[in-house]
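Residue numbers (the numbering used here), protein chains in the order written: chain A, 352 to 451; chain B, 3 to 522.
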């Protein structure tokens with residue numbers, strides 16, 4: 352799937368995260384700022400990479416500002432941002448890419 | 003060397019500080035020592051005056067010089083002006099290498115970071131630090147080791163002579179021209195001056211800084227003229243409105259109310275809940291809610307409290323107003339209602355030494371039945387951390403946590419299981435401030451764990467309808483939601499020590515390291 356334009360999902364409230372995706376330059380560029388980076392930085396990166404993989408995205412600039420969101424929230428925010436950047440308003444990408 | 007809470011204290015730190023590793027909360031019980039005393043400049047001539055025109059003149063009269071240790075108190079909490087006022091003068095005079103020995107420091111003192119960076123301040127000894135000073139210490143900017151000690155521990159350190167205060171500064175809401183200080187009666191009241199009392203007794207020079215000079219005698223004095231060298235008048239010593247900053251107001255948060263109900267249910271089912279019991283709480287939302295719900299049950303069952311201790315807030319003072327407690331013993335007021343309550347004849351001021359010092363002939367904390375505390379983290383050994391954030395940054399203060407926990411017959415820690423994504427119950431706390439041997443019960447919104455050392459309490463609760471779990475079960479629930487946290491990556495450099503109330507080393511605080519991704 353291709354990121355067509357910049358898009359955002361999420362907030363900077365506690366226990367949420369704000370995900371911004373932009374068209375990449377041929378690879379995944381990942382920037383993380385997190386209130387819990389010391390304890391969960393590696394895990395957050397893993398969840399985001401897995402989510403992008405499930406969406407078939409390998410060309411994106413993704414910036415995440417995390418305020419202690421749980422894995423499920425992070426995943427939903429990434430899927431939300433990607434849906435918006437690809438103008439996917441039907442069959443929104445909750446839970447990864449729809450196979451059909 | 004591994005200490006009694008399993009923390010590895012580097013030999014080098016023991017060597018530099020001359021301290022021993024923590025050996026258990028009662029290790030020094032019954033030991034004997036000779037108290038230190040101040041160099042005292044006698045005032046015999048009746049023509050002299052203690053009034054000095056400015057803080058600068060005071061500093062000169064006190065013989066300020068490089069390397070001195072200065073004492074401060076924190077009754078104005080986030081509204082304190084005195085520390086910054088004095089340190090700015092010292093900075094302007096070009097004095098270096100000052101150690102601040104304060105009862106606590108907070109965000110009100112963010113300005114001190116520039117003095118830490120330029121070498122004006124090279125030592126900090128405090129109950130804890132919040133705000134930018136905490137960050138500066140964690141980033142290794144302080145030249146010396148920061149020492150975090152409890153309120154009782156600070157008194158011990160001064161009385162034993164481990165710390166010698168050259169000049170103590172007392173922010174006095176009212177003062178007369180001869181140095182009689184009171185915590186009330188002026189335009190900026192803080193209620194009591196309890197933390198300063200040991201400074202007044204043991205510092206070589208004592209300076210009262212006031213914004214309300216009153217005619218002699220300012221009686222009954224909270225700190226006597228017999229201990230004060232100089233008096234200086236300034237425009238404002240603090241902003242009492244900010245005393246309550248950070249302290250909780252009665253909460254409507256259902257999670258906290260539920261924990262408060264658990265706590266009250268637990269308390270009333272212990273053998274200590276009977277007519278004449280004693281009680282202290284912190285200022286967390288759940289602790290305050292517990293006091294309110296306990297007051298209701300006390301009324302229903304016609305049980306009176308003999309004394310309440312604080313760190314006082316409105317709900318505790320309400321008990322006094324409503325005739326549910328015989329006496330309040332006060333070292334600090336956390337809101338303006340508590341400040342106003344100080345004039346009640348059954349609201350007694352006590353010194354920090356009377357409150358919590360482990361090295362006197364018996365402190366109030368030893369007489370406590372219950373203390374309700376909060377914590378940033380509790381581990382499966384019931385060790386608590388209240389100073390260092392889970393991210394490794396210094397961000398809190400010991401306060402009376404280890405003192406009251408050690409003294410009380412039943413020490414209850416209330417904490418939500420999750421603070422955002424951070425599990426409050428974990429395998430190993432980031433830094434130990436209060437040893438697990440003094441923690442009896444941990445109450446969370448997901449269940450209650452009793453320390454297995456307290457089989458008596460476990461027996462009492464056999465038929466009580468509360469969600470009891472083991473501490474490991476609580477941790478596992480937390481980790482199942484948040485995922486298992488990784489250990490924070492620290493630098494090797496030690497930037498501070500967590501001092502046990504008896505002066506031994508409970509733990510060390512290391513310099514934080516910038517996070518780097520590891521693994522694939």
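Think of the CB as a built atom: it goes at the ideal place given N, C-alpha and C, for glycine as much as any other residue.
Return the CA-CA distance between residue 78 of chain B and residue 414 of chain A, expressed in angstroms with no decimal places. Along the second chain, read from residue 1 onward, the residue named residue 78 of chain B stands at position 76. Along the first chain, read from residue 1 onward, the residue named residue 414 of chain A stands at position 63. Distance between the alpha carbons of residue 78 of chain B and residue 414 of chain A: 42 Å.
Would you check if the distance between the CB atom of residue 156 of chain B and the CB atom of residue 105 of chain B is smaller than 8 Å? Along the second chain, one-based indexing puts residue 156 of chain B at 154. Along the second chain, one-based indexing puts residue 105 of chain B at 103. Going by C-beta atoms, residue 156 of chain B is nearer than 8 Å to residue 105 of chain B.
Which two residues bound the contiguous alpha helix (DSSP H) that contains residue 264 of chain B? Position 262 of the second chain, counted from the first residue, corresponds to residue 264 of chain B. Where residue 264 of chain B is concerned, the enclosing alpha helix (DSSP H) stretches over 256 to 270.
Give the C-beta separation of residue 262 of chain B and residue 292 of chain B to the nearest angstrom, bearing in mind that I take them to be a contact with Cβ-Cβ under 8 Å. Your numbering for residue 262 of chain B matches position 260 in the second chain. Your numbering for residue 292 of chain B matches position 290 in the second chain. Right, the Cβ-Cβ distance comes to about 4 Å (below 8 Å), so this counts as a contact.
Does the region 332 to 344 of chain B come within contact of the region 189 to 197 of chain B, defined as at least 3 CB pairs closer than 8 Å? yes
Can you tell me the Cβ-Cβ gap for residue 92 of chain B and residue 61 of chain B, rounded? I've got them flagged as a contact below 8 Å. Within the second chain, numbered from 1, the residue matching residue 92 of chain B stands at position 90. Within the second chain, numbered from 1, the residue matching residue 61 of chain B stands at position 59. Residue 92 of chain B to residue 61 of chain B, Cβ: 7 Å. Contact.
What span of residues does the alpha helix (DSSP H) with residue 296 of chain B cover, start to end? Working through the second chain from its first residue, we reach residue 296 of chain B at position 294. 287 to 303 is the extent of the alpha helix (DSSP H) around residue 296 of chain B.
Any C-beta of chain B sitting closer than 8 Å to the C-beta of residue 390 of chain A? Here residue 390 of chain A corresponds to residue number 39 of the first chain, with the count starting at 1. At least one beta carbon of chain B lies nearer than 8 Å to the beta carbon of residue 390 of chain A.
So if DSSP puts residue 501 of chain B in a beta bridge, which residue, or which two residues, is it bridged to? For this step, residue 501 of chain B is matched to residue 499 along the second chain. Residue 501 of chain B pairs with B:507.
Can you tell me which of B:458, B:159, B:285 and B:227 puts its alpha carbon nearest to the alpha carbon of residue 274 of chain B? Working through the second chain from its first residue, we reach residue 274 of chain B at position 272. Residue 274 of chain B has its Cα closest to that of B:458, out of B:458, B:159, B:285 and B:227.
So, are the CB atoms of residue 510 of chain B and residue 496 of chain B less than 8 Å apart? Against the second chain, residue 510 of chain B aligns to sequence position 508. Against the second chain, residue 496 of chain B aligns to sequence position 494. Contact: yes.
Nearest CA to the CA of residue 349 of chain B: which residue from B:447, B:40 and B:325? On the second chain, residue 349 of chain B is found 347 positions in, with the first residue counted as 1. Minimum Cα distance to residue 349 of chain B is reached at B:325.
Using three-state DSSP, classify residue 128 of chain B as helix, strand or coil. By one-based count along the second chain, residue 128 of chain B stands at place 126. Three-state result, residue 128 of chain B: strand.
Please identify, using Cβ separations under 8 Å, the residues of the region 375 to 390 of chain A that lie next to chain B, in order along the chain. 386, 387, 388, 389 and 390
Give me, in chain order, the residues of the same chain whose beta-carbon lies closer than 6 Å to that of residue 209 of chain B; leave out the 5 immediate sequence neighbours on both sides. Along the second chain, one-based indexing puts residue 209 of chain B at 207. Once the five neighbours on either side are set aside, the close Cβ partners of residue 209 of chain B are 60, 171 and 232.
Boundaries (first-last residue) of the alpha helix (DSSP H) holding residue 63 of chain B: The sequence position of residue 63 of chain B within the second chain is 61, counting from 1. First-last of the alpha helix (DSSP H) with residue 63 of chain B: 57 to 63.
Give the DSSP-derived three-state secondary structure of residue 387 of chain B in the structure shown. The residue given as residue 387 of chain B occupies position 385 in the second chain. Strand at residue 387 of chain B.
Would you say residue 393 of chain A lies against chain B (beta-carbon separation less than 8 Å)? For this step, residue 393 of chain A is matched to residue 42 along the first chain. Taking Cβ atoms only, chain B reaches closer than 8 Å to residue 393 of chain A, which makes this a yes.
Which of helix, strand or coil does DSSP assign to residue 420 of chain A? For the purposes of this step, residue 420 of chain A is identified with residue 69 of the first chain, where counting begins at 1. Coil.
Kindly say whether residue 139 of chain B, judged by its beta-carbon, lies nearer than 8 Å to any beta-carbon of chain A. Here residue 139 of chain B corresponds to residue number 137 of the second chain, with the count starting at 1. Residue-level contact by beta carbon fails for residue 139 of chain B and chain A, as no gap is shorter than 8 Å.
If we define contact as Cβ-Cβ less than 8 Å, is residue 409 of chain A a contact residue for chain B? One-based indexing of the first chain puts residue 409 of chain A at position 58. No, no contact with chain B.
For residue 309 of chain B versus residue 280 of chain B, is the C-beta distance shorter than 8 Å? Along the second chain, one-based indexing puts residue 309 of chain B at 307. Along the second chain, one-based indexing puts residue 280 of chain B at 278. Result yes, Cβ atoms of residue 309 of chain B and residue 280 of chain B sit closer than 8 Å.
Is residue 422 of chain A close to chain B? Criterion is C-beta to C-beta, closer than 8 Å. For the purposes of this step, residue 422 of chain A is taken as the residue at position 71 of the first chain. Yes, residue 422 of chain A counts as interfacial toward chain B.
Return the chain-ordered list of same chain residues with a C-beta closer than 6 Å to the C-beta of residue 283 of chain B, the five sequence neighbours on each side being excluded. Position 281 of the second chain holds residue 283 of chain B. Within the same chain, residue 283 of chain B has close Cβ partners 289, 293 and 374.
Just verifying my parser: in three-state terms, what is the DSSP assignment at residue 110 of chain B? The residue labelled residue 110 of chain B in the question sits at position 108 within the second chain. Helix at residue 110 of chain B.
Might you give, ordered along the chain, the residues of its own chain that have their beta carbon closer than 7 Å to the beta carbon of residue 270 of chain B, omitting 5 neighbours on each side? One-based indexing of the second chain puts residue 270 of chain B at position 268. 299.
Applying a beta-carbon distance threshold of less than 9 Å, which residues of chain A neighbour residue 488 of chain B? Counting from 1 along the second chain, the entry for residue 488 of chain B is found at position 486. Those within 9 Å of residue 488 of chain B in chain A are 389, 390, 391, 392, 393 and 394.
Assuming residue 135 of chain B contacts residue 107 of chain B under a Cβ cut-off of 8 Å, what Cβ separation, rounded to an integer in Å, is found between them? In the second chain, counting from the first residue as 1, residue 135 of chain B sits at position 133. In the second chain, counting from the first residue as 1, residue 107 of chain B sits at position 105. Yes, they are in contact, since the Cβ atoms of residue 135 of chain B and residue 107 of chain B sit about 6 Å apart, within 8 Å.
According to DSSP, is residue 181 of chain B part of a helix, a strand, or is it coil? As a first step, residue 181 of chain B must be located in the second chain, where it is residue number 179. Reduced to three states, the DSSP call for residue 181 of chain B is coil.
Could you tell me the distance, in whole angstroms, from the CA atom of residue 439 of chain B to the CA atom of residue 389 of chain A? On the second chain, position 437 is the one that residue 439 of chain B refers to. On the first chain, position 38 is the one that residue 389 of chain A refers to. Near 29 Å, if we compare the C-alpha coordinates of residue 389 of chain A and residue 439 of chain B.
Label residue 203 of chain B either buried or exposed according to how many other C-beta atoms from any shown protein chain fall within 10 Å of its C-beta, with 16 as the threshold for buried. Numbered from its first residue, the second chain carries residue 203 of chain B at position 201. Per the 10 Å Cβ criterion, buried.
For residue 410 of chain B and residue 441 of chain B, I'd like the C-alpha separation in whole angstroms. Counting from one through the second chain, the residue named residue 410 of chain B turns up at place 408. Counting from one through the second chain, the residue named residue 441 of chain B turns up at place 439. Cα to Cα, residue 410 of chain B sits roughly 9 Å from residue 441 of chain B.
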